[in-house]
Amino acid sequence: MLAGLGLSGLGLGGLAAAVPAWAAGTVKLPLPGGPDLRDLTTAFPGKGPMILQRTRPPLLETPFEVFDQGVFTPNDRFYVRWHWASIPTEVDANAYRLTVRGHVDRELSLSLDELARLPRFEIAAVNQCSGNSRGLFEPRVPGAQWANGSMGNARWTGVRLKDVLDRAGVKGGAVQVRFSGLDEPVVDDAPDFKKSLDLDHARDGEVMLAYAMNGEQLPLLNGFPLRLVVPGWYSTYWVKMLSDIEVLDKPDDQYWMKTAYRIPDVPGANIKPGQTGFKTVPINRMVPRAFVTNLRDGARAAAGSPVAVRGIAFGGDCGVRTVEISADGGATWSLGKLGADEGPYSFRRFEGDLPAFAAGTHAIKVRCTNTNGLAQPMERVWNGAGFMQNGVETVSLHVA
Numbered sequence: 008m009l010a011g012l013g014l015s016g017l018g019l020g021g022l023a024a025a026v027p028a029w030a031a032g033t034v035k036l037p038l039p040g041g042p043d044l045r046d047l048t049t050a051f052p053g054k055g056p057m058i059l060q061r062t063r064p065p066l067l068e069t070p071f072e073v074f075d076q077g078v079f080t081p082n083d084r085f086y087v088r089w090h091w092a093s094i095p096t097e098v099d100a101n102a103y104r105l106t107v108r109g110h111v112d113r114e115l116s117l118s119l120d121e122l123a124r125l126p127r128f129e130i131a132a133v134n135q136c137s138g139n140s141r142g143l144f145e146p147r148v149p150g151a152q153w154a155n156g157s158m159g160n161a162r163w164t165g166v167r168l169k170d171v172l173d174r175a176g177v178k179g180g181a182v183q184v185r186f187s188g189l190d191e192p193v194v195d196d197a198p199d200f201k202k203s204l205d206l207d208h209a210r211d212g213e214v215m216l217a218y219a220m221n222g223e224q225l226p227l228l229n230g231f232p233l234r235l236v237v238p239g240w241y242s243t244y245w246v247k248m249l250s251d252i253e254v255l256d257k258p259d260d261q262y263w264m265k266t267a268y269r270i271p272d273v274p275g276a277n278i279k280p281g282q283t284g285f286k287t288v289p290i291n292r293m294v295p296r297a298f299v300t301n302l303r304d305g306a307r308a309a310a311g312s313p314v315a316v317r318g319i320a321f322g323g324d325c326g327v328r329t330v331e332i333s334a335d336g337g338a339t340w341s342l343g344k345l346g347a348d349e350g351p352y353s354f355r356r357f358e359g360d361l362p363a364f365a366a367g368t369h370a371i372k373v374r375c376t377n378t379n380g381l382a383q384p385m386e387r388v389w390n391g392a393g394f395m396q397n398g399v400e401t402v403s404l405h406v407a
């Protein structure tokens with residue numbers, strides 16, 4: 008029974024107390040603004056070696072070589088990002104309740120067992136931090152200096168949010184649904200982390216409440232006992248340790264919607280440094296991306312030999328139509344071969360064989376076009392928050 012999934016035996020104690028035990032060396036990230044040397048840590052419960060970006064609150068990045076191992080990111084290598092340091096170090100699953108309240112016919116207080124009796128739902132979806140790749144922005148912008156590893160793909164299992172809302176009975180005039188979790192601000196006047204979706208989006212049949220990922224119990228650091236899953240949208244909406252759902256009869260005007268996580272209201276959220284006078288909107292749908300996973304930047308190859316390329320791509324808020332590969336810095340392109348389709352919101356494998364190279368340095372580029380026809384831009388994106396980077400990735404290959 009789900010209600011038996013307690014964490015008292017996990018040995019967390021306190022997250023801060025666990026942190027000093029570094030054990031996995033260092034990694035050099037390709038951050039143009041530096042500093043690019045980061046610790047690898049195995050100190051966080053339930054996690055293998057992770058790139059340490061911050062200890063409190065924990066920000067752990069997935070080492071990029073993990074993405075070459077398959078389209079689903081292992082739970083113990085799945086990135087971690089929290090907003091406040093006051094995170095419960097254990098959750099009593101038997102005592103846990105999810106509250107549903109606000110503009111509804113009946114308030115609910117649901118146990119994990121009660122949620123598990125609702126129709127089961129499963130979907131594969133990429134969870135990506137809004138600031139994934141922020142450390143690659145030039146000029147540099149403030150915030151966590153992630154490389155490309157604050158993302159992951161999982162098969163999420165749980166129940167549809169629609170089924171929960173239908174059980175509560177949404178009243179006429181409802182416009183949005185607001186979500187919050189068990190984490191708390193560290194000071195009294197700081198805003199509690201809450202995010203909202205429009206009612207129609209919340210009830211679309213894909214937004215869900217997940218209690219498992221990749222066939223296993225949801226890890227504590229990734230939101231146990233329950234997290235919101237919003238396929239195709241950035242992870243700021245994927246509220247962890249979900250404890251409260253409030254149906255609103257007016258638009259949410261609290262800090263995390265009105266002020267934070269806003270982007271320029273222009274295509275791709277892409278502006279020029281110093282540009283002003285643009286409108287902003289809350290960040291929302293993800294955009295397409297593709298990455299080479301079997302070659303690091305600066306990799307070496309033998310002259311006269313073909314080079315195999317493989318990687319992962321995702322369409323953002325829809326599926327992958329094509330992945331193109333260029334061996335000459337974008338002058339010409341060839342189609343990559345797509346792997347199995349695990350669903351429109353999942354990573355998808357691609358591969359290709361490049362012809363034999365002459366001696367010298369060559370720029371390999373990969374570009375995803377999604378099923379809505381949106382392609383990655385050739386140049387890197389820039390905005391002051393460091394959000395929504397999806398410029399075409401380049402891997403330099405040294406051939407001798």
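The numbers in the sequence shown follow the working numbering, run straight up by one, and end at 407.
Built from N, CA and C at the ideal position, the CB exists for glycine as well.
For clarity, every value in this text was computed on a predicted model and none was experimentally measured.
State the beta-bridge partners of residue i as determined by DSSP.
| i | result |
| --- | --- |
| residue 236 | 215 |
| residue 328 | DSSP output for residue 328 lists no bridge partner at all. |
| residue 352 | 132 |
| residue 224 | 219 |
| residue 409 | Past the edges of the chain, shown from 8 to 407, lies residue 409, and the structure says nothing about it. |
| residue 306 | 404 |
| residue 377 | 327 |
| residue 320 | 297 and 355 |
| residue 109 | 254 |
| residue 196 | Bridge partners of residue 196: none, in fact. |
| residue 314 | 361 |
| residue 68 | 58 |
| residue 48 | 57 |
| residue 202 | 186 |
Classify residue i as buried or exposed, calling it buried when 16 or more other Cβ atoms lie within 10 Å of its own Cβ.
| i | result |
| --- | --- |
| residue 379 | exposed |
| residue 280 | exposed |
| residue 134 | buried |
| residue 225 | buried |
| residue 67 | buried |
| residue 247 | buried |
| residue 44 | exposed |
| residue 124 | exposed |
| residue 425 | This structure leaves residue 425 out entirely; the chain is present only between 8 and 407. |
| residue 28 | Note that residue 28 scores a pLDDT of 48, beneath 50, so its modelled location is shaky; the value from the coordinates is reported in the next line. Per the 10 Å Cβ criterion, exposed. |
| residue 149 | exposed |
| residue 187 | buried |
| residue 347 | exposed |
| residue 293 | buried |
| residue 385 | exposed |
| residue 219 | buried |
| residue 259 | buried |
| residue 407 | exposed |
DSSP on residue i, reduced to helix/strand/coil?
| i | result |
| --- | --- |
| residue 62 | coil |
| residue 37 | coil |
| residue 97 | coil |
| residue 242 | helix |
| residue 301 | coil |
| residue 358 | strand |
| residue 74 | helix |
| residue 57 | strand |
| residue 389 | coil |
| residue 104 | coil |
| residue 265 | helix |
| residue 369 | strand |
| residue 260 | coil |
| residue 83 | helix |
| residue 209 | helix |
| residue 276 | helix |
| residue 12 | Here the model assigns residue 12 a pLDDT of 39, short of 50, so the residue's position is not dependable and the matter cannot be decided. |
| residue 20 | Caution applies to residue 20, whose pLDDT of 35 falls short of 50 and renders its modelled position unreliable; the value that the coordinates give is listed next. Coil, per DSSP. |
Hey, residue i and residue j: beta-carbon distance below 8 Å or not?
| i | j | result |
| --- | --- | --- |
| residue 160 | residue 71 | no |
| residue 34 | residue 228 | no |
| residue 254 | residue 245 | no |
| residue 314 | residue 308 | yes |
| residue 198 | residue 103 | no |
| residue 182 | residue 206 | yes |
| residue 295 | residue 376 | yes |
| residue 141 | residue 393 | yes |
| residue 189 | residue 216 | no |
| residue 168 | residue 131 | no |
| residue 223 | residue 101 | no |
| residue 317 | residue 358 | yes |
| residue 403 | residue 370 | yes |
| residue 162 | residue 129 | yes |
| residue 97 | residue 107 | no |
| residue 287 | residue 272 | yes |
Of all the alpha helix (DSSP H) runs that stay within the bounds of the segment 116-194, which reach a length of 4 or more residues? 119-123 and 168-175
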